Every structure is written in C-alpha cells, then in structure tokens.
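Heads up: the sequence shown at position 120 corresponds to 120 in the numbering used here, and the numbers run straight through without jumps.
Here's the structure we're looking at; comments come further down.
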Amino acid sequence: MQILVTILAFVFSFTLATLFHEGGHMLAARASHIQTEEFGLGFGRTIWSRTRGGTVYKINALPILAYVKIKGMESNYDAPDGFYTKGWWSRLFTMVGGMLGNLVLAFLIFTIVFSTLGDPRASTKVGTVTPSSLAETAGLKAGDNILAIDGVLMSDFDQISAAVRASENRQIDIRVDRGGSQVDILVTPALDAKLGYVAIGYGPGFVRYNPFKAVWRALTFTGEYIVTFIKALPLLFTKRGVQSLTGPIGIARMTGEAAMGGFMWLLWVTGIISVAIGLTQLLPIPALDGGWVLFLLAEAVTRRRISPERQGTIQSIGLFVLLGIMVLISIKDVAGIFIR
C-alpha cells in the first residue's frame with residue numbers, strides 16, 4: 001500500500017509541477033507572438049484533444065508529466081511566427097516562462113496551505129517525531145512546545161533549526177512545555193545522511209493564517225526559498241553537497257512520506273518541488289532551460305546567433321550527460337534504501 005501511495009504521490013507532484021512549467025513556456029511564447037503547436041498532458045494514445053488559437057490541447061492515455069511544442073524550435077527554423085524568427089528578448093522570455101509558471105504554482109500552493117493547514121515555520125510546537133530518531137530516543141514528544149535551547153528562548157522553527165544545525169555532535173538542552181510542565185530534553189544533533197544536514201528528527205506544528213496574511217506569507221516564503229536555493233548552489237561543489245543530491249527515487253520517497261501525513265503535507269512538498277524544478281531548470285547547463293538562456297545572452301552580447309543546428313547538438317550532448325548523472329544519483333538513492 002505504501003509503495004502505491006509513493007508512486008501516486010510522486011506522479012501527482014511532478015505532473016502538477018511540469019504542467020505549470022510547460023504552461024508557463026506556452027503563455028510566455030504566446031505573449032511573445034511565438035506560435036505553440038501543441039500542449040499536452042501525459043503520453044501515449046490521445047484520449048481527448050481540442051484546437052484553439054492554432055494550438056492543439058491534448059490529454060493522453062498515460063497522464064504523467066506535461067509538454068509543449070513550440071513552433072520552429074526543433075525543426076523548420078524559418079517557419080512564420082516560429083521560435084527563431086523572433087528577437088532574442090522574446091525567446092529569452094519564452095524560456096524563462098517555465099520557471100515563472102513553477103513560481104506561480106508554488107505561490108498558489110503555499111497560500112492554500114498557510115490558510116488551511118498552517119505555516120510550520122512559524123511554530124515552536126513539535127508536530128511529529130520521526131520513529132527511531134535522535135529526538136524520539138531523547139524523549140521529545142509530539143505536542144511539546146519548545147521554549148528554549150541551551151537557555152536561549154526560541155520564537156519559531158527557523159530559529160530552532162539554526163540552533164540545532166549549529167550544534168553538530170554537541171549535546172544541547174531543549175526545554176519544552178509539556179501539558180503545563182517544563183521538561184528538559186538532552187540530545188546531540190548529528191548529520192542526517194538522508195536529509196543532507198544536521199537534524200534531530202522532528203517535524204514542526206502549524207500556525208494558521210487568515211486568507212490575506214496567507215497570501216503575503218506565501219509570497220515571502222517563495223522569495224525566501226529562492227534565496228535559500230541560490231545560497232545552497234556553492235554546496236554542490238563540496239562532498240556534503242554531492243552526498244545530499246537526490247534523484248527521482250529519492251524525491252519519490254519524500255513525496256510518499258509527505259502523502260502519508262495527509263494531502264496538505266503532499267501539497268506543501270509539491271510547492272517546494274515546483275520552486276526547485278523551476279530554479280534548477282534555469283541553471284546554465286545544456287539540455288535545461290538555462291542552456292537556452294545562456295545561448296540567448298551570448299547572442300545579445302555578441303550580436304551573433306549560434307546556429308539552431310549547433311545549439312541542438314550541444315543540447316543533445318548536455319541531455320546525455322544529465323541522464324548519466326541522474327542514473328548515478330538514482331543508484332545512490334536505491335543503495336540508501338537498503339544500506340542504513
């Protein structure tokens with residue numbers, strides 16, 4: 001049953017994220033007067049289609065992921081209203097549109113979650129304790145309200161996380177309020193190989209906002225996550241950063257665990273995945289949107305366009321390399337399931 005939930009949760013999260021990503025490309029292309037030929041959900045035999053504004057909209061038999069076909073992008077480069085017939089700025093906006101679509105999805109999801117389930121980062125309450133974790137072993141319980149760590153008063157989850165991460169392999173005193181009584185919990189935070197950072201193994205409670213505050217909090221949280229993502233990029237060149245990389249299998253495990261906690265938890269994780277997909281796509285790597293952006297910026301600076309054929313060759317090589325990296329990461333994720 002858990003395997004089925006994991007598969008369905010993964011498909012839901014990635015399909016929703018790619019639907020908004022490809023939809024962002026499509027809307028940006030149309031705003032730039034670039035024709036989109038096809039926009040589809042899933043793969044396989046077409047079970048529904050409709051043509052509007054020159055674009056064929058499809059729902060296919062296997063509703064996994066989404067795609068958009070932009071006129072003149074992969075062939076017939078001189079086609080009227082095609083990708084390469086427009087200026088570099090129009091093509092740049094089209095490629096950035098995917099990321100914008102992901103940010104819109106994340107904003108909508110966070111608004112829903114903050115106004116219904118609540119914001120976990122604004123709480124000092126313990127929502128869940130991971131089985132067999134350092135927190136459980138030390139005696140931390142769901143419902144505990146964390147008051148202080150080593151005598152320093154705590155005001156939210158971010159402050160608690162910072163205190164924990166700064167105390168790797170050093171015992172800390174966590175004072176909690178448990179049913180009106182204060183209890184001291186002694187625990188030594190350590191690097192969680194699965195998460196890739198120092199933790200003790202608990203999930204926060206939630207603070208629910210009214211709809212207006214939820215909108216503002218969703219906007220600021222999306223911005224905060226973008227900053228966090230950018231700051232984390234240099235870590236990719238460290239041993240710990242490489243060890244923390246995860247592929248489809250690792251992400252599937254994460255969405256499956258979230259789904260077991262309820263649909264709102266799954267939505268929350270989907271929002272984070274959406275931001276991560278959008279920003280990752282903009283990395284200046286061939287085969288990603290960022291590879292196209294790199295070509296377009298080079299064209300803007302040099303006033304010379306790299307031929308579509310050469311761009312296609314470079315993108316294909318980049319795709320081959322990325323697939324190889326994903327295979328290696330997936331092998332690591334599979335090994336992590338059996339080697340604890």
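Think of the CB as a built atom: it goes at the ideal place given N, C-alpha and C, for glycine as much as any other residue.
The model shown is predicted, which means the values in this text are computed figures rather than measured ones.
To the nearest angstrom, how far is it from the Cα of residue i to the Cα of residue j?
i: S316; j: A79; result: 22 Å
i: V176; j: V183; result: 5 Å
i: S90; j: H25; result: 11 Å
i: K141; j: P234; result: 36 Å
i: R170; j: V129; result: 20 Å
i: G225; j: L282; result: It should be pointed out that residue 225 corresponds to Tyr in this sequence rather than to Gly. Between Y225 and L282, the C-alpha separation is close to 15 Å.
i: G54; j: V301; result: 33 Å
i: S32; j: S132; result: 54 Å
i: L267; j: F93; result: 28 Å
i: R178; j: R208; result: 21 Å
i: T46; j: I329; result: 33 Å
i: L191; j: L236; result: 17 Å
i: A163; j: G203; result: 15 Å
i: E136; j: I174; result: 13 Å
i: G291; j: S307; result: 14 Å
Looking at the structure shown, is residue i part of a helix, part of a strand, or coil, going by DSSP?
i: N102; result: helix
i: Q35; result: coil
i: R30; result: helix
i: G127; result: strand
i: T85; result: helix
i: L347; result: Any question about residue 347 goes unanswered here, given that the chain covers just 1 to 340.
i: T188; result: coil
i: I70; result: strand
i: R340; result: Note that R340 scores a pLDDT of 48, beneath 50, so its modelled location is shaky and nothing firm can be said.
i: D156; result: coil
i: G23; result: helix
i: I47; result: strand
i: I52; result: At residue 52 the sequence reads Arg, which differs from the Ile that was named. Strand.
i: L108; result: helix
i: S181; result: strand
i: L41; result: strand
Count the other C-beta atoms from every protein chain shown that fall within 10 angstroms of the C-beta of residue i, then say buried if there are 16 or more, exposed otherwise.
i: F110; result: buried
i: S274; result: buried
i: G42; result: buried
i: A258; result: buried
i: P286; result: buried
i: T313; result: exposed
i: G324; result: exposed
i: L4; result: exposed
i: P211; result: exposed
i: V293; result: buried
i: N76; result: exposed
i: L16; result: buried
i: A122; result: buried
i: F320; result: exposed
i: G23; result: buried
i: L153; result: exposed
Between which two residues does the beta strand (DSSP E) holding residue i run?
i: D289; result: That residue, D289, is in no beta strand (DSSP E); its alpha helix (DSSP H) goes D289 to T302.
i: P204; result: Y202 to P204
i: R178; result: I172 to R178
i: V207; result: First-last for V207: undefined, no H or E at that position.
i: L147; result: N145 to I149
i: A199; result: Y197 to A199
Could you check which residue in the options has the C-alpha nearest to that of residue i?
i: F263; options: T116, V104 and A66; result: T116
i: G44; options: A61, G54 and Y57; result: A61
i: T280; options: A232, A252, T302 and I306; result: A232
i: P120; options: I149, D289, F157 and R217; result: F157
i: E168; options: I160, S155 and T188; result: T188
i: L297; options: V96, L4, V198 and A9; result: V96
i: I160; options: K125, L134 and G278; result: K125
i: L288; options: A66, M99 and W88; result: M99
i: G87; options: V68, K69, A29 and L105; result: A29
i: H21; options: R303, S75, A300 and I277; result: I277
i: V68; options: L19, T85 and V301; result: L19
i: G201; options: A138, L147 and Y225; result: A138
i: L8; options: P63, T46 and R52; result: P63
i: L386; options: A199, T220 and F39; result: Residue 386 lies beyond the residue range present for the chain, which begins at 1 and ends at 340; the question has no answer from this structure.
Is any heavy atom of the ligand SAH found at a distance shorter than 7 Å from the C-beta of residue i?
i: R253; result: As presented, the structure is devoid of all ligands, the ligand SAH included, so that no description of it is given.
First and last residue of the alpha helix (DSSP H) that includes residue i?
i: I273; result: F263 to Q281
i: I251; result: P248 to M260
i: I230; result: P211 to A232
i: E351; result: Since the first residue of the chain shown is 1 and the last is 340, residue 351 is not available in this structure.
Any beta carbon of chain C sitting closer than 8 Å to that of residue i?
i: Y84; result: You won't find chain C in this structure, because it holds only one protein chain.
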